[in-house]
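Q: For what it's worth, UniProt numbering labels the leading residue of the sequence shown as 1, then goes sequentially.
Cβ atoms here follow ideal geometry from the backbone N, Cα and C, with glycine treated the same way.
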Amino acid sequence: MTETEYKLLNWRGDSLNAERMCADILIMQDFESVDPQSPLGGPDGTKDILCKKSGRTYLAAVYFAPLPKTFRSIKFKFEGDYKGVKKNNVDGIIFMTNQKLTPSNKKTLQSIATKDSINCIIYDNEAIRGLLDSALGLPIRLSHLKIKLSEEDQISFFSKQQNRLPQLFDTYSKGIISVLSAKIDECCDTKAIDKSKLDDIYAFAQQTIAFIQDTPKKTDKKNLEFPKQLEISIQNLNSESLKYIHKAMMFESGSKEIGIFRTHTIWVGSPNSSPEKASFVPPKPELVPKLTEELLEGWRKDYPDILVAKKKTVKIQRIAKFHNDFLSIHPFLDGNGRVARFLLNQQASELLDITEQVIIEDRPSYYDALNEGQQGNLKPLEKIVTIAIYGTDIIE
1 MTETEYKLLN WRGDSLNAER MCADILIMQD FESVDPQSPL GGPDGTKDIL CKKSGRTYLA
61 AVYFAPLPKT FRSIKFKFEG DYKGVKKNNV DGIIFMTNQK LTPSNKKTLQ SIATKDSINC
121 IIYDNEAIRG LLDSALGLPI RLSHLKIKLS EEDQISFFSK QQNRLPQLFD TYSKGIISVL
181 SAKIDECCDT KAIDKSKLDD IYAFAQQTIA FIQDTPKKTD KKNLEFPKQL EISIQNLNSE
241 SLKYIHKAMM FESGSKEIGI FRTHTIWVGS PNSSPEKASF VPPKPELVPK LTEELLEGWR
301 KDYPDILVAK KKTVKIQRIA KFHNDFLSIH PFLDGNGRVA RFLLNQQASE LLDITEQVII
361 EDRPSYYDAL NEGQQGNLKP LEKIVTIAIY GTDIIE
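#1: Can you grab the Cα-Cα spacing for the pair residue 398 / F251, in whole Å?
#2: Take the Cβ of P282 as the centre, count every other Cβ of all protein chains shown within 10 Å, and call the residue buried at 16 or more, exposed below.
#3: Using a threshold of 7 Å, state whether the C-beta atoms of K312 and L378 are closer than that.
#4: Give a yes or no on whether the C-beta atoms belonging to G373 and N336 are separated by under 7 Å.
#5: Taking just the CA atoms, how far does Y367 sit from K277?
#6: Please work out which residues of its chain come closer than 6 Å, Cβ to Cβ, to R20, disregarding the five sequence neighbours upstream and downstream, and give them in chain order.
#7: With DSSP as the reference, label A65 as helix, strand or coil.
#8: Suppose only complete runs of 4+ residues qualify. What are the alpha helix (DSSP H) ranges in the region 80–145, listed by chain order?
#9: Could you give the DSSP three-state label for F261: helix, strand or coil?
#10: Alpha carbon to alpha carbon, what distance is there between F342 and L149?
#11: Can you name, in chain order, every residue of its own chain whose Cβ lies under 8 Å from the Cβ of K310, other than the five neighbours on each side?
#12: Ordered along the chain, which non-local residues of its own chain (more than five positions away) have a Cβ less than 7 Å from that of L237?
#13: For E293, which residues of its own chain have a beta-carbon under 6 Å away from its beta-carbon, when the five flanking residues on both sides are left out?
#14: How about T392 and I49: are their beta carbons less than 7 Å apart?
#15: Under the assumption that I112 contacts Y58 (Cβ atoms under 8 Å), give the Cβ distance between them as a whole number of angstroms.
#16: Sort out for me which residues DSSP pairs I49 with in a bridge.
#17: Scan the region 259–336 and note each continuous alpha helix (DSSP H) run of 4 residues or more that stays entirely inside, going in chain order.
#18: Can you tell which of F332, E151, E356 and P68 has its C-alpha closest to the C-alpha of Y6?
#19: Just how far apart, CA to CA, sit L287 and F326?
#20: Indicate the three-state DSSP secondary structure (helix, strand or coil) for K148 in the structure shown.
#21: Relative to the alpha-carbon of A348, which residue among G130, L333, A388 and N371 has its alpha-carbon at the smallest distance?
#22: Classify S73 as helix, strand or coil using the three-state DSSP reduction.
#23: For S73 and N17, I'd like the C-alpha separation in whole angstroms.
#24: Compute the Euclidean distance between the alpha carbons of T108 and K247, then round it to the nearest angstrom.
#25: Any idea what DSSP makes of S349, helix, strand or coil?
#26: Measuring only the C-alpha atoms, how far is W267 from P285?
#27: For N98 versus F64, is the C-beta distance shorter than 7 Å?
#28: Span of the alpha helix (DSSP H) holding V385?
#29: Taking the straight line between their C-alpha atoms, what separation do you get for P331 and Q235?
#30: Are N105 and L9 close, meaning C-beta to C-beta below 7 Å?
#31: Looking at the ligand GTP, does it come within less than 6 Å of F261, judged from the CB to the closest heavy atom?
#32: Does the beta-carbon distance from D91 to R56 come in below 7 Å?
#33: How many angstroms separate the CA atom of L307 from the CA atom of R262?
#34: Express the C-alpha separation of K77 and T70 in angstroms, rounding to a whole number.
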């Protein structure tokens, strides 16, 4: 038993510290508007924490007992917390506990929610331990469990943070642009233009330009023909329809290599890396047409069996494998991830009757899962896809 697992199971903190730690974990998991309801104690209205993700509002219930409890006791606590779902008009419940739960236990708890079409996410001892022992969870573990970081832990943490910086820069850059756009819209909607508003916009624009420099210029797109409609069935996906999707999705990029398979050798890695030092090198360009058509032919052949599969997990396994294999080929010079995620949405719609947009929120974990997929381990990617579709990794 690891030190993290032991300290969780033999919890010596109070309920306040447990809720704060769970709130930190939810933030690490990219939940938004994480709001502990009674951080200083007192009644919380059958909701320890409220948060949002992928357009859904969740109630998070925290159950940290000082000693191991029977499943009967855990289920009783869950049923009490579940009453808060209807009371607080939320879309789902997150049950976070330091207790150990078997897969059967989790399904039993989840079935209570799924019969009401409520999303249910469960973090038990093992799930929380895994998150706290991960690179991004180490500061939370240090703060709440007082487990010091080893030299290996520190290297792992800073390496992970370094990989997240480009994503964070992109996210916050888009946020700045969004605010700037809102200011401009506000000004344009005003009949009498206030000079002070214009001054504010100008100042904000200067800050934005200073923050985001070297914006790439778009090339002339007047000779590019944009597809007017995008009506593609995943069932009959072939090379031509795949190129059509790429052309539609990458039209605004300004690239002249849209809608065609790549003709160059590429690699994935840091800006200064080479094919020899890259983290991933896709197949040579001359192999792309053959490998892509083999992938699509296999998908078309297996589609009828995937469609009638009774278990959602089977369908997700096939979707995840296709996603991984597509990105392994990297058929286009750019936009492979965008096309892959579009196809993921279409697959979820046709095979799982999902009507909402499927968004992969946790990009660092997603990229880690893709790296695992390159090594033949698809389980992390299957989990990422499941959470993106259902808001939880436990289904059926």
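A: So, from the data block:
#1: Missing from the structure shown is residue 398; the chain here goes from 1 to 396 and no further.
#2: buried
#3: no
#4: no
#5: 18 Å
#6: none
#7: Three-state result, A65: coil.
#8: 103–114, 125–132 and 138–145
#9: coil
#10: Answer to the nearest angstrom: the Cα atoms are 40 Å apart.
#11: none
#12: L296, W299 and R300
#13: S239
#14: no
#15: Not quite, the Cβ-Cβ distance comes to about 16 Å (not below 8 Å), so this is no contact.
#16: P36 and A60
#17: 288–308 and 312–329
#18: Comparing Cα-Cα distances from Y6 to each of F332, E151, E356 and P68, the minimum goes to P68.
#19: Approximately 13 Å between the Cα atoms of the pair.
#20: coil
#21: A388
#22: In the three-state reduction of the DSSP assignment, S73 falls in the helix class.
#23: Computed Cα separation, rounded: 21 Å.
#24: 46 Å
#25: Note: S349 maps to helix in three-state DSSP.
#26: 11 Å
#27: yes
#28: K379 to Y390
#29: Distance between the alpha carbons of P331 and Q235: 19 Å.
#30: no
#31: You won't find the ligand GTP in this model; it holds no ligand whatsoever.
#32: Taking 7 Å as the Cβ cut-off, D91 and R56 qualify as a contacting pair.
#33: Distance between the alpha carbons of L307 and R262: 31 Å.
#34: Rounded to the nearest whole angstrom, the CA to CA distance from T70 to K77 is 11 Å.
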